[in-house]
Amino acid sequence: MTANAMDNDSLYSQLDELVAFRFHVKQKKLKHQPNQLAHHSGEHTALKKGRGMSFSEVRQYQPGDDIRHIDWRVTARTQKPHTKLFIEENERPALVVVEQTANMFFGSRVHTKAAQALNIAAILGWVSLQQNERIGALLFNGQKHHWQAAKRQTSEWGFCLQQAIALQNQLRQPQSPNAKDWPQALKQLLLSPSANHKVFLIGDMINMTQCATKELLQLSKKADVSAIHIYDPLEKQLPHFGWLSLTPSLQSDNWLQLDSSNSKTQAAYQDLYQKQWRQTFDRCSQLGIALIEVSSAANPMSALMQQQLIV
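Heads up: the sequence shown begins at 1 in the working numbering, then just goes up one per residue.
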């Protein structure tokens, strides 16, 4: 990053900036997405109507669940307590799954990828609340995670953003992707109420689709999933700075020397990203998952509107 961007205020997200998005989303709404579950028709139990509530799913009992909703039939069959979950009829709560790992702690302009991911999550949360819909989150940094069940209170969303910043503030230097981060996060999500939710995955989708295919398939069968890939402009195109020394991590002893002014080097570098992006796009398409990409240097509100995720 530039010298001006090396101060902490530029590296890390600020709560007042995330809260300020709330006042920029008035009259905005999430664009209606086609029900991605249609790609898996026949694999879901029909919703059971009654008293304004709909049956959502059966999952293993967790502390705090209402014991009145224990499914005794499934419990007897599995020998483990299971409970039924319900949501309000016609409601589609939103969930954002936000990557705040060291892999995202990188930025050549304006924001780090981690900060931009949190900008996107904050906007989606405020837009959901603007529509009087519930919003929840799963935040993770590779060491810790924070789960917030979908709620309709602005105070709860503000607290969730505080927790996200706390996770982000634990990042100290960029590192190469960890193959375990996304699988662990999605496994945690699958244990939490997420059926019939609108789920937004925000982070390094190239790494996610390479490492968490099994978990992504399971999630796509129970929720409407959209993926938002955050990239830095430097990942797409090399600057013309002559000879460069590159390393996947500051802790790595592996350094790559290349001539960034060489046209063949430039083309090969761009082709590598495009190949990875195409593979990611194809994997998501096979699962019925909408995929977009947002630059860490972009205005987050403008980017979401240009991609027609919010209107």
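The beta-carbon is built from N, C-alpha and C at its ideal position, and this holds for glycine as well.
Cross-strand partners of residue i (DSSP beta bridge)
i      : result
ILE228 : ILE202 and ILE292
VAL58  : LYS84
ALA137 : VAL96 and GLN148
ILE120 : DSSP lists no partner for ILE120.
ILE70  : THR83
Where the beta strand (DSSP E) through residue i begins and ends
i      : result
GLU99  : 94 to 99
GLY242 : Premise fails: GLY242 is in no beta strand (DSSP E) and is neither H nor E.
ASP259 : 256 to 259
N-terminal and C-terminal residue of the alpha helix (DSSP H) that residue i is part of
i      : result
ALA314 : Lying outside 1 to 311, the shown extent of the chain, residue 314 is not represented and no answer is given.
LYS236 : 233 to 236
ILE165 : 154 to 168
PRO183 : 181 to 190
ASP253 : Counting along the chain, ASP253 falls outside any alpha helix (DSSP H), and DSSP gives it neither H nor E.
LEU15  : 15 to 20
Residue i - DSSP class collapsed to helix/strand/coil
i      : result
GLY125 : helix
TRP277 : helix
HIS82  : strand
HIS111 : strand
LYS49  : Here the model assigns LYS49 a pLDDT of 34, short of 50, so the residue's position is not dependable, and the following value carries that caveat. The answer is strand: DSSP assigns LYS49 an E or B state.
LEU171 : coil
LEU309 : coil
LEU30  : strand
ASP65  : coil
LEU216 : helix
Integer Cβ distance of residue i from residue j, believed to fall under 8 Å
i      : j      : result
ILE123 : LEU291 : Contact flag wrong, Cβ pair sits at about 18 Å.
LEU234 : VAL225 : Not quite, the Cβ-Cβ distance comes to about 28 Å (not below 8 Å), so this is no contact.
GLY142 : ALA115 : About 16 Å separates the two Cβ atoms, so there is no contact after all.
ALA212 : LEU244 : With 8 Å as the limit, ALA212 and LEU244 do not qualify as a contact, their Cβ atoms being about 31 Å apart.
GLN168 : TYR12  : 6 Å
ALA137 : GLN148 : 5 Å
ASP71  : VAL58  : 5 Å
Closest residue to residue i among the options (Cα-Cα distance)
i      : options                           : result
LEU216 : THR101, GLN286 and GLU156         : GLN286
GLU19  : THR112, THR154, ASP271 and ASN254 : It should be pointed out that residue 19 corresponds to Val in this sequence rather than to Glu. For the residues THR112, THR154, ASP271 and ASN254, the minimum Cα distance to VAL19 belongs to THR154.
CYS284 : GLN188, THR209 and GLN14          : THR209
SER296 : ALA268, THR280, ASP259 and TYR231 : TYR231
ARG109 : LEU309, ILE310, ASN299 and VAL311 : ASN299
LYS180 : LYS214, PHE200 and ARG172         : LYS214
GLN173 : TRP255, MET104, GLN308 and ASP71  : MET104
LEU201 : VAL96, GLN276 and LEU139          : VAL96
GLN152 : HIS69, ILE310, GLN130 and ALA76   : Sequence check: residue 152 is Arg here, not Gln. Taking only the C-alpha atoms, the option nearest ARG152 is GLN130.
PHE159 : ASP16, VAL199 and GLN307          : ASP16
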